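Chemist:
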Amino acid sequence: MDKTVNQKAWLLVLPVFLIVAFSAILPLMTVVNYSVQDTFGNNQFFWNGLGWFKELLDPSTDLGSRFFASLWRNLLFSGIILAIEVPLGIVVALSMPRQGWGVAACLVILALPLLIPWNVVGTIWQIFGRPDIGLLGYVLNHMGFDYNYVSNDFDAWATVVVMDVWHWTSLVTLLCYAGLKSIPDAYYQAAQIDGASRWAVFKAIQLPKLHRVLLIAVLLRFMDSFMIYTEPFVVTGGGPGNSTTFISIELVKIALGQFDLGKAAALSLVYNLIIIIVCWVFYTVMTNAGADRQANKGVA
Amino acid sequence: MARIDLVDLAHSYGGPAAPEDSFALKPVSMTWRQGGAYALLGPSGCGKTTLLNLISGIVAPTTGKILFDGVDVTSLTTRERNIAQVFQFPVIYDTMTVGQNLAFPLKNRGVPRAQIDARVAEIAGLLDLEPYLRRKATRLTADAKQKISLGRGLVRSDVAAVLFDEPLTVIDPHLKWELRSKLKALHRALDLTMIYVTHDQTEALTFAETVVVMHDGRVVQAGTPEELFDKPMHTFVGYFIGSPGMNIMPAEVKGREARINGHVIALNRSYDSLPVGAKIEIGVRPEFVNVAMPAPGLLSAQIDRIDDLGRARFARLRVGDVKFAARVPVGFAVPADQVGLIFDTSHVHVYADSHLVEGAP
Chain A
1 MDKTVNQKAW LLVLPVFLIV AFSAILPLMT VVNYSVQDTF GNNQFFWNGL
51 GWFKELLDPS TDLGSRFFAS LWRNLLFSGI ILAIEVPLGI VVALSMPRQG
101 WGVAACLVIL ALPLLIPWNV VGTIWQIFGR PDIGLLGYVL NHMGFDYNYV
151 SNDFDAWATV VVMDVWHWTS LVTLLCYAGL KSIPDAYYQA AQIDGASRWA
201 VFKAIQLPKL HRVLLIAVLL RFMDSFMIYT EPFVVTGGGP GNSTTFISIE
251 LVKIALGQFD LGKAAALSLV YNLIIIIVCW VFYTVMTNAG ADRQANKGVA
Chain B
1 MARIDLVDLA HSYGGPAAPE DSFALKPVSM TWRQGGAYAL LGPSGCGKTT
51 LLNLISGIVA PTTGKILFDG VDVTSLTTRE RNIAQVFQFP VIYDTMTVGQ
101 NLAFPLKNRG VPRAQIDARV AEIAGLLDLE PYLRRKATRL TADAKQKISL
151 GRGLVRSDVA AVLFDEPLTV IDPHLKWELR SKLKALHRAL DLTMIYVTHD
201 QTEALTFAET VVVMHDGRVV QAGTPEELFD KPMHTFVGYF IGSPGMNIMP
251 AEVKGREARI NGHVIALNRS YDSLPVGAKI EIGVRPEFVN VAMPAPGLLS
301 AQIDRIDDLG RARFARLRVG DVKFAARVPV GFAVPADQVG LIFDTSHVHV
351 YADSHLVEGA P
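Which chain is which? The protein sequence lines are A and B, in order. Numbered by this note's numbering, the letters in the first sequence go through residues 1 to 300 in order. Numbered by this note's numbering, the letters in the second sequence go through residues 1 to 361 in order.
#1: Given a cut-off of 8 Å, decide if A111/A and L175/A are closer than it, judged by their beta-carbon atoms.
#2: Just verifying my parser: in three-state terms, what is the DSSP assignment at I148/B?
#3: Does DSSP classify M96/B as helix, strand or coil?
#4: Within the continuous alpha helix (DSSP H) that includes T235/B, where are the two ends?
#5: Across the stretch 122-129 of chain B and the stretch 32-47 of chain B, are there enough close Cβ pairs to call them in contact, namely three or more that are closer than 8 Å?
#6: Return helix, strand or coil for K107/B, following the three-state DSSP convention.
#7: Name the chain B residues that come within less than 8 Å of Y187/A, Cβ to Cβ?
#8: Cα separation between R212/A and L94/A?
#9: Would you tell me roughly how many angstroms separate the C-alpha atoms of L32/A and K263/A, rounded to the nearest one?
#10: Among the residues of its own chain, which have a CB less than 6 Å from the CB of D8/B, if the five just before and after it don't count?
#11: Quick one: list the residues of chain B neighbouring Q258/A, beta-carbon separation under 9 Å, in chain order.
#12: Residues of the stretch 191-203 of chain A in Cβ contact with chain B at a cutoff of 9 Å, in chain order, please.
#13: What residues from chain A crowd round N108/B, counting only those whose CB sits closer than 8 Å?
#14: Suppose you measure from the CA of A333/B to the CA of R259/B; what does that come to, to the nearest Å?
#15: Where does N148/A sit, in a helix, a strand or coil, going by DSSP?
#16: What three-state label does DSSP hand I171/B in the structure shown?
#17: Using CA atoms only, rank isn't needed, just tell me which of L12/A, M223/A, Y229/A is closest to P117/A.
#18: So, with DSSP's three-state summary, where would you put E281/B?
#19: Check the Cβ-Cβ distances between I205/A and every residue of chain B, and say whether any is below 8 Å.
#20: Using the three-state DSSP reduction, which class does R313/B fall into: helix, strand or coil?
#21: Would you say P301/A lies against chain B (beta-carbon separation less than 8 Å)?
#22: Please determine if the stretch 152-171 of chain A and the stretch 85-92 of chain A are in contact, where contact requires at least 3 C-beta pairs separated by less than 8 Å.
#23: Suppose you measure from the CA of W177/B to the CA of Q88/B; what does that come to, to the nearest Å?
#24: If you draw a straight line from the C-alpha of N247/B to the C-alpha of H347/B, how long is it?
#25: Grouping DSSP H, G and I as helix and E and B as strand, with all else coil, what is D353/B?
#26: Does DSSP put H167/A in a helix, in a strand, or in coil?
#27: Run through DSSP, which three-state label would H11/B get?
#28: So which of D260/A, V285/A, V278/A, F68/A has the shortest CA-CA distance to G41/A?
#29: Determine the burial state of E358/B: buried for a count of at least 16 other Cβ atoms within 10 Å of its Cβ, exposed for fewer.
#30: Following the continuous beta strand (DSSP E) through A292/B, name the residue where it begins and the one where it ends.
#31: Spatial neighbours of G257/A within its chain, please: C-beta separation below 8 Å, excluding the five flanking residues on both sides.
#32: Would DSSP call E252/B helix, strand or coil?
#33: Alpha carbon to alpha carbon, how far is V150/A from A156/A?
#34: Which one or two residues does DSSP pair with K65/B in a beta bridge?
#35: Cα separation between L50/A and V172/A?
#36: What's the C-alpha gap between G36/B and T210/B?
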């Protein structure tokens with residue numbers, strides 16, 4: 001059957017198109033415009049072609065070395081926090097009560113870190129970790145640990161990582177908890193009947209059923225941690241040295257510190273591209289898993 | 001393999017303080033013979049799943065005891081009870097193959113590898129699952145999945161009983177027949193005690209040697225299909241089993257006579273000591289009442305319609321205000337409005353407050 005074609009329908013899309021144009025496409029085009037030009041101020045621009053991109057992707061240049069160093073830092077950071085937050089989130093979700101007043105209490109406590117503005121989180125940990133007045137820093141130093149996130153690379157990393165774990169494990173936990181709640185009782189009853197141990201129940205029932213929410217959790221946490229800016233900026237400012245300078249911090253330094261608009265624009269675009277590619281890969285994986293399941297239902 | 005005894009077993013989801021009327025399962029005592037094939041039959045919400053979950057230990061009883069071969073298992077967990085249960089909807093371990101699914105209950109109990117393989121092969125053979133053994137279980141159809149669930153229930157040869165909780169709900173009708181006869185064959189082949197919960201009387205009557213009928217949290221009758229048909233102990237059994245169900249009508253019963261609307265029906269037995277003040281009814285299955293041309297001496301009835309069930313025709317009637325069904329003899333030309341009823345008096349039962357009263361010979 002032919003579908004009715006109604007050209008007026010385009011009018012309904014127009015408002016969205018305008019909003020997207022002004023909020024995303026125009027700014028992006030500006031960045032693209034900057035990325036292929038050089039300027040010496042006075043609003044005078046010179047054509048530079050792909051020069052900035054070549055420099056960015058060449059580790060022997062200053063820009064390239066800074067980009068790759070911060071990229072590896074970012075990947076390392078995302079790897080570490082995923083390796084901690086995902087298992088920890090699952091464990092916390094598994095140990096939460098299933099019913100009664102405890103559920104509400106746990107949910108409220110878990111939601112708290114998620115409700116705090118990001119730079120407030122940074123400020124909390126910045127003060128918390130100070131060796132002179134911060135509770136954490138003061139106690140650690142008096143226990144004999146030489147802890148100072150301002151001067152020691154490892155301490156700075158530990159502080160940023162612990163802060164992120166504190167801030168975001170709740171998200172993984174909440175997603176997993178929702179996933180666990182959706183498993184029908186019959187599965188647990190069948191497992192009891194089949195004599196499964198606690199570990200076998202986790203491996204054979206809970207983990208497979210959490211598959212999808214975990215993909216979402218990993219995706220969200222990867223994106224967020226890969227774009228992290230506010231908290232490390234507030235706590236360490238990217239230091240000591242460059243040890244906690246992630247891509248976003250590097251970008252701000254280049255764009256607003258040095259006012260190298262061309263380099264910053266090129267970096268922005270590559271940064272953006274990496275995120276979009278990772279998003280796309282995750283999305284494909286997830287929809288494929290979903291399609292698998294749909295196909296099964298079709299057969300059934 | 002064990003005999004299962006229930007002693008004053010009762011369960012209330014509202015706790016022991018709740019009034020007994022609200023109990024999901026009212027106190028029941030009964031014995032399940034080793035190797036028997038039982039069906040628990042009753043409408044939704046009558047407590048049959050509760051009873052099943054009490055036996056398997058998923059639910060802990062409010063009062064009473066459960067004995068396996070005389071040993072009190074009431075306080076044991078499901079895992080310690082050595083019982084198998086198949087649920088209404090297929091439960092499949094997604095990450096495992098069909099073979100691993102079947103082996104799971106044995107593997108968890110540390111059965112030696114060779115023994116597991118042999119038993120899994122046997123059960124897979126009985127359930128026609130052999131071609132799928134190495135396939136991932138998630139990729140199968142709903143009825144294949146339910147077969148796997150059944151297989152996991154049957155794979156242990158030493159269980160006290162295998163409990164089925166409406167296991168054929170999700171199965172296509174044409175496969176239902178096949179699976180049901182398969183279950184019956186499995187029962188004969190494996191010598192396991194099986195308890196089968198269902199609200200479908202055909203399923204219960206074809207599967208079980210003993211059918212336990214439940215109503216409103218009570219076991220109202222346990223017997224062979226013939227007993228349930230010939231001599232329902234409770235008006236509910238008469239009404240629930242059989243299609244159309246038993247005719248139940250209020251009557252005045254005295255000695256060997258029942259009086260309905262001033263009409264007298266002779267009874268085979270004598271009922272002299274009926275409880276005073278009880279609601280007295282007579283019950284007779286439609287199969288034992290024939291319609292005839294109206295005649296003096298016959299109870300007359302108004303015709304609502306005739307149902308042709310293929311093998312037999314039943315007249316849907318009205319005696320006074322009470323609905324009534326009766327058989328139409330082969331070749332009988334049914335008159336337009338009124339018919340007379342001929343009762344087979346040996347199959348007319350008397351009920352006091354819904355319970356069967358055994359008359360004196």
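No residue lacks a Cβ here, since even glycine has one placed at the ideal position from N, Cα and C. Given the structure is predicted, the values throughout are model-derived calculations rather than measurements.
Modeler: Reading it off the structure:
#1: no
#2: helix
#3: coil
#4: 235-240
#5: no
#6: helix
#7: V91
#8: 16 Å
#9: Per the sequence presented here, residue 32/A reads as Val, with Leu not at that position. Their Cα atoms are separated by approximately 11 Å.
#10: P27, S29, G64
#11: Within 9 Å Cβ-Cβ: nothing; Q258/A doesn't reach chain B, min ~52 Å.
#12: A191, Q192, I193, D194, G195, A196, S197, A200, K203
#13: D194, G195, A196, S197, A200
#14: 28 Å
#15: coil
#16: coil
#17: Y229/A
#18: strand
#19: yes
#20: strand
#21: It is not possible to answer for residue 301/A, since the shown part of chain A is limited to 1 through 300.
#22: yes
#23: 17 Å
#24: 11 Å
#25: coil
#26: helix
#27: strand
#28: D260/A
#29: exposed
#30: 289-292
#31: none
#32: strand
#33: 7 Å
#34: V7/B
#35: 41 Å
#36: 8 Å
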